[in-house]
Structures are given as C-alpha cells and as structure tokens.
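Accompanying notes for the structure given below.
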Amino acid sequence: MNLTKLPVYTVSQINGYLKQLLEADPLLQSLLIRGEISNYKRYPSGHHYFSLKDDKGSIRCVLFRGDAARLRFQPDNGMSVLAFGRVSVFPRDGQYQMYCTELIEDGRGALDLAFERLRRKLEEEGLFDPARKRPLPPWPGRIALVTSPAGAAVRDMIRILGARWPMTGVLVVPVRVQGEGAAQEIAAAIDQVNRRADIDLIITGRGGGSREDLWAFNEEPVARAIARSNIPVISAVGHEPDVTIADYVADLRAATPSNAAELAVPDQAQVRHRLTQLGRRLAAAQQARLRAGRQELRRLADSRAMRQPKAPIQDGRLLADRARERLSAAMWVGLKQARGKLARLSAGLDAMSPLGVLGRGYAIAMGEQGVVTQLAQVEPGQALDVMLSDGTLRCEVRGKEEGQWQKKS
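Take 0 as the starting number for the sequence shown in numbering that gives the first Met the number 0 and just add one per residue.
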C-alpha cells in the first residue's frame, strides 16, 4: 500500500468526524439505558460523572448541573438506574460517552420517566403558572362531571353536591377513565363542554387505583384540553397522595372526587348559619339605630327651641335692638367728630383767606398779569388796581424804590 497517496488527518479531525457520525444517528440521540452506577463522583461545579455498567460492559456518563438539579434521589455506586440522554464523542479525549438529561431509579420504571418528561415540558411552557389559574365561581349554576358514569366517584360527587348545594344542576359527561384511548375521550369531553353556554364549572377525575389506572390523567391530550378550557376546571384524581399532570394544569386540585364536590359548591348549612348571623347583626344594628334615634328625639323634644318656640324670635329682637343702639351711638360719635373736624378746617381756611388779610389793614396790588409781588412786575406810569377791604383803588405808578418797606416817621 502506497501510504503517500492517503490523506493525512489530525487527531482532532478524526474525533470531530466521529462526533458528527454519532450525533447524526437518531437512535443514539434519544436513548434509555438501564445499568448500575459505578465510579460515581460529583464535582464542585455541580456536574455528576459516573459509568453505567452491566455484566458485559460499561459506558461513561455525565449529568450536568442543570439536569442534576431535578434529581429526586441521591445517586450512588451500585444503584440500578434508568438513564435517558444521547451518545456523543468528547473531542478532547476521543472517547464516546452518554450525556444524560434524566436519571431515575430503576424501580420507578418508564412511567415515572414519561411523567417527568411531560411535567417538565408543560412547566417550561408555563401551563403550571399560578398566574393563569382562574378562581372558581362562588355560586355555580351547573357543573359538568367529566368522569366514568359507572364508578363510585361520580355517585359520591352527585350525592355531596346535592347535599351541600341542591340549587346547582349537575351534568354527567360519560367517558372512559383508564385504558387505551381514555385520554382522548376525556380531552374531547372537556372541549365539548366548553362549547356549551350553561356550564359554570368542570370537575374531571376518577376514584383511586394503581399508577397505570390513573395514567390517562398523566397524558398530554388531557393536560392540553384543561389548559385551553374557558371554564374553570377542578382535577380530582385518585386519593390524596396521588398527583397527576392534570392536577398541575387544572385551576384547582382536589385530593379526591368527594373533596372536589366539597370545593365546588358552598355548604347550604354554613350559608344558612352565615345568613342567620348576618340577620342577627342587621337586627341588632337596627335596634341600636332606633335607640339612638329615640335619644335624639328626646333631646330635641327637651330643647329650648321646642319648649319655647318664640324664644329664638325674642332673642333675635333683643339682639337687633342692641345692635341698633350701638349703631346709633356710633353714628352720633362719628357725626360729632366730623363736625369738630369741619370747624377746624373752616377756621384754618378763614385764617388763610385773602379777605381776612385785607380786613387787618393790608392791600393787594393787581396788575395786568395778576397779583403784583415784586417791583420788576410793574413800570412807572403803569395802572394798578389796589384792593382794600371795602373796595378797589385805581392807581398809577409814579416811581419804584427798592429795599425793605419801613414805616415812615
């Protein structure tokens, strides 16, 4: 063989090629393997590394932290388990190994694995979110029971509903609750009830049984039908320890079918007792209000206004008389003050009046431009009018002499 004609590959290329081959095989991408755990080790990173073996061989496995967080048991060496995952090659080491996504104890079986896978799928879609769950109607007019018509569960629910709240009508929608095709019947019945306008609440479930007997309520069609229902749904499957996928999706989970009937309607005895209490409280409140009204009536009857109806009018007259007296007195005081002020102002005006000045022996010279107060306002020969206290002199200026006026001796 001429080796020079063969292509040369690196180790990484071969490991990568083998990885592509393994990951292209659908069988190796969805495997369920039973084996015994050996060489188990949990690293500080949270990843789990171990091998699965039987009497003829072993395979290396890894369970990463995110998937390991969902484990419901603590793995250990020698434990028989079912591992679900895919097989691929780790290119760095060139060794193939199983990448596990789920790990369950072998005793739990395939049903547990299917349950966990569907539960996780629906939870990731938000079907279990408490925010999407609706409250139950407080006074349902009609309830649909999606269950087997022959079981004890339906008889118990009808009996309890009738005893607790006989005003509610009951519609039994018969379906198979176990066996092949039961899940599809239950889902179709829930959809059928939703097309009616007279149903306020749906109860779906059955009595107790084995895990296999209850399995119809762990199937995806039932979960989807409950999730898309426009009518609130109570899930009532088996006994109290039994938990199904339907319980997670429903608006309310009941421990048993009988418990579902108790949760669906009020208890007429309790309602009657409550109404009796409210009636007593209402009567007591009315009596208290009547007593208060009587006390107020007596108070008003004993009041001065009722005993002496004219008293307020008389009091008003007295107040009006007193107000009139005070107003009159105030007006006279104001008038007196105004008269005194007027007299003072008149005296001041008289003191400043030019006529008063003339009466004391003074005269006022009037020229063409008005009162003459300075020599510059007149010239010799100019005519002046000199006002006296009893008349006017027609004068002519003969001359001017500057200086302060002095009395001639």
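For glycine and all other residues, C-beta sits at the position ideal for the given N, C-alpha and C.
Using a Cβ-Cβ distance cut-off of 8 Å, the stretch 246–253 and the stretch 136–153 are not in contact, since fewer than three pairs of beta carbons, one from each stretch, lie closer than that value. Taking all protein chains in view, the Cβ of R205 is crowded by 16 or more other Cβ atoms within 10 Å, so the residue is classified as buried. The continuous alpha helix (DSSP H) containing G161 extends over residues A151 to R163.
Between G34 and R59, the alpha-carbon positions lie close to 11 Å from each other. With 16 or more other Cβ atoms inside 10 Å of its own Cβ, G237 counts as buried. Its Cα nearest to that of T167, the residue P265 stands out among G366, P265 and I36. Judged by DSSP secondary structure, T275 falls within the alpha helix (DSSP H) whose first and last residues are Q267 to A300. By the neighbour-count definition (other C-beta atoms within 10 Å, threshold 16), L31 is an exposed residue.
Contact annotation: A259 and I233 have beta-carbon atoms nearer than 8 Å. Taking all protein chains in view, the Cβ of H47 is crowded by 16 or more other Cβ atoms within 10 Å, so the residue is classified as buried. Contact check for V192 against V145 passes: the beta carbons are separated by less than 8 Å. Look at the beta carbons and you see the stretch 181–201 not touching the stretch 286–294: under three pairs across the two are nearer than 8 Å.
Judged by DSSP in its simplified three-state form, R119 adopts helix. Secondary structure remark: continuous beta strand (DSSP E) runs of at least 3 residues inside the stretch 11–64, in chain order: 30–41, 47–52 and 57–62. Looking at S50, R41, D53 and E104, the one whose alpha-carbon comes closest to that of R71 is E104. Selection G366, E400 and R85 evaluated against T391 yields G366 as nearest (Cα-Cα).
In the displayed model, A249 falls within coil according to three-state DSSP, outside both helix and strand. Note that the stretch 86–95 does not touch the stretch 48–56; fewer than 3 beta-carbon pairs, one per stretch, sit closer than 8 Å.
In this structure, the straight-line span from the alpha carbon of L5 to that of M78 is close to 48 Å.
Taking 8 Å as the cut-off, the Cβ atoms of I244 and F216 count as close. A distance below 7 Å between beta-carbons, with the five flanking residues on each side excluded, links R397 to the following residues of its chain, in chain order: P379. With respect to the 8 Å criterion, E122 and E101 are not classified as neighbours on the basis of their beta carbons.
Annotation for L126: A222, A226, Y247 and V248 place their beta carbon closer than 8 Å to its own, counting only its chain and skipping 5 residues before and after.
Residue burial is scored here from C-beta neighbours: P231 has at least 16 other C-beta atoms within 10 angstroms and is therefore classed as buried.
Around the beta carbon of T203, 16 or more other beta carbons sit within 10 angstroms, so the residue counts as buried.
A Cβ-Cβ separation of about 4 Å places V371 in contact with A364 under the 8 Å criterion. When the Cα atoms are used, E324 and L387 turn out to be separated by approximately 54 Å.
In the assembly as shown, R359 is an exposed residue. Its beta-carbon has fewer than 16 other beta-carbons within 10 Å. Between the beta-carbon of S209 and that of R175 there is about 16 Å, and that puts the pair past the 8 Å contact cut. Linking D301 to A322 through their CA atoms gives a straight-line distance of about 30 Å. Collapsing the DSSP output to three states places Q183 in a helix. Assignment of L144 by DSSP, reduced to helix, strand and coil, places it in the strand class.
Residue environment: D92 is assigned as exposed (fewer than 16 neighbouring CB atoms within 10 Å of its CB, all protein chains considered). Using a Cβ distance threshold of 8 Å, P74 and Y39 count as a contacting pair.
Rounded to whole angstroms, L27 and N229 show a C-alpha spacing of 42 Å.
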